[in-house]
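Taking the working numbering, the leading residue of the sequence shown gets 23, the next gets one more, and so forth.
Cβ coordinates follow ideal geometry from the N, Cα and C atoms, glycine included.
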Amino acid sequence: LGPAPAAMAASPENWQFADSLGIGVPFDGVCFLTATEGWVTGASGVILHTTDAGKNWAPLNTGTTHWIHSVAFVDPNRGWAVGNNGLILATTDGGKSWSTQSAGIPFDLYSVTFLDDRNGWASGFAGTLLHTTDGGETWSKVSTDTAQWIMKVFFLKGDPSHGWAVGQDGLILTTTDGGSTWKKQNNPVRKDLYGVTFIDANRGWVVGTHGVIEFTANGGQSWIIQNGPGRPPLSWGVAGMERESNDLHSVVFVNDKVGYVTGVLGIFLKTTDGGNTWTRIKSGTNLDLYGLTFPDNTHGWAVGVGGMILHS
């Protein structure tokens with residue numbers, strides 16, 4: 023079952039393509055500090071950097087051909103990127119040069135986030151959750167009591183105590199003590215989860231396979247399906263979306279009402295009522311969209327396969 027057709031009318035919101043230098047690799051990592059400066063990562067060790075809102079991109083020398091899945095910057099100089107085979111890269115000059123950091127693990131890493139220039143987290147395959155308190159000079163493996171892969175780790179801005187991590191088979195982990203301990207939350211929907219965001223310690227969303235969007239109003243003690251009647255899979259009005267892989271990959275809320283979701287086949291969703299209803303945005307593509315970020319309330323960036331970069 024899917025949402026009512028009236029709820030699926032396309033939004034007139036304007037998203038435009040940005041030139042990615044003809045680089046056709048899949049992009050899945052994106053980080054923008056401001057409306058004009060950001061970084062995009064993807065397969066074959068690619069990282070691109072722009073300082074003029076995507077009018078021009080500079081390819082950066084990463085020294086690797088591993089897929090780089092995620093990137094995080096805390097200021098224009100200091101950033102980190104993670105990828106396959108335990109890859110962790112760090113830069114102190116905006117990406118002009120990168121050094122390799124190591125956690126001593128061989129597993130693919132899918133997500134990285136830093137709360138400041140010292141306190142960071144990375145997640146990946148086989149329940150891997152890594153933490154650093156010294157800017158990545160050393161990384162320690164944190165006990166998660168799971169072997170399920172962890173696709174995304176998220177902490178509240180300005181609040182290093184409250185964090186969540188999501189992944190395989192509906193896995194949702196949470197911490198309220200800055201990551202010293204992580205506990206599994208009860209999730210009735212056993213679908214792989216790829217994205218998570220919270221706007222405060224209580225209200226948050228997760229997205230994943232079969233078109234699922236879930237919402238919590240109590241920090242994750244309970245979760246409800248927020249994307250229309252019935253249970254997943256949900257088609258979101260896209261022909262052929264009833265297939266097994268109708269994934270939603272990323273979710274971002276810019277305030278307590280307005281949020282966005284990206285997914286396969288160019289799916290781009292928007293809500294203006296806290297997720298009670300979602301509308302389709304005309305993304306202009308039928309290619310899969312992965313990473314999504316908003317440095318402010320009006321400037322958004324989405325990336326995907328085929329070197330796809332979209333911005334609002």
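Distance between S305 and W61, taken at the CA atoms: about 20 angstroms. Here Q243 is exposed: its Cβ has fewer than 16 other Cβ atoms, across all protein chains shown, within 10 Å. Note on T301: 16 or more other CB atoms within 10 angstroms of its CB, so buried under the neighbour-count rule. For the 9 angstroms CB-CB criterion, G116 and W89 do not form a contact.
Within the DSSP secondary-structure output, W186 pairs in a beta bridge with F176 and T196.
In the DSSP assignment, D50 falls within the beta strand (DSSP E) that extends over F49 to F54. Judged by DSSP secondary structure, G296 falls outside any beta strand (DSSP E); it is assigned neither H nor E. Secondary structure note for E236: its beta strand (DSSP E) is the uninterrupted segment I235 to T238. Counting along the chain, the unbroken beta strand (DSSP E) around I331 starts and ends at M330 to H333.
Rounded to whole angstroms, the separation of the alpha carbons of L270 and T197 is 24 angstroms.
Taking each of L287, H232, Y216 and I331 in turn and checking the Cα distance to V274, the smallest one comes out for Y216.
The straight-line gap separating the alpha-carbon atoms of T294 and G288 is approximately 20 angstroms. Look at H88 here: in three-state DSSP terms it is coil, with no helix or strand label. If you draw a 10 Å sphere on the C-beta of T284, you find 16 or more other C-beta atoms in it, and that means buried. Per DSSP, reduced to three states, the secondary structure at F275 is strand. Contact between I172 and L193 holds: CB atoms are separated by about 7 angstroms, below the 8 angstroms threshold.
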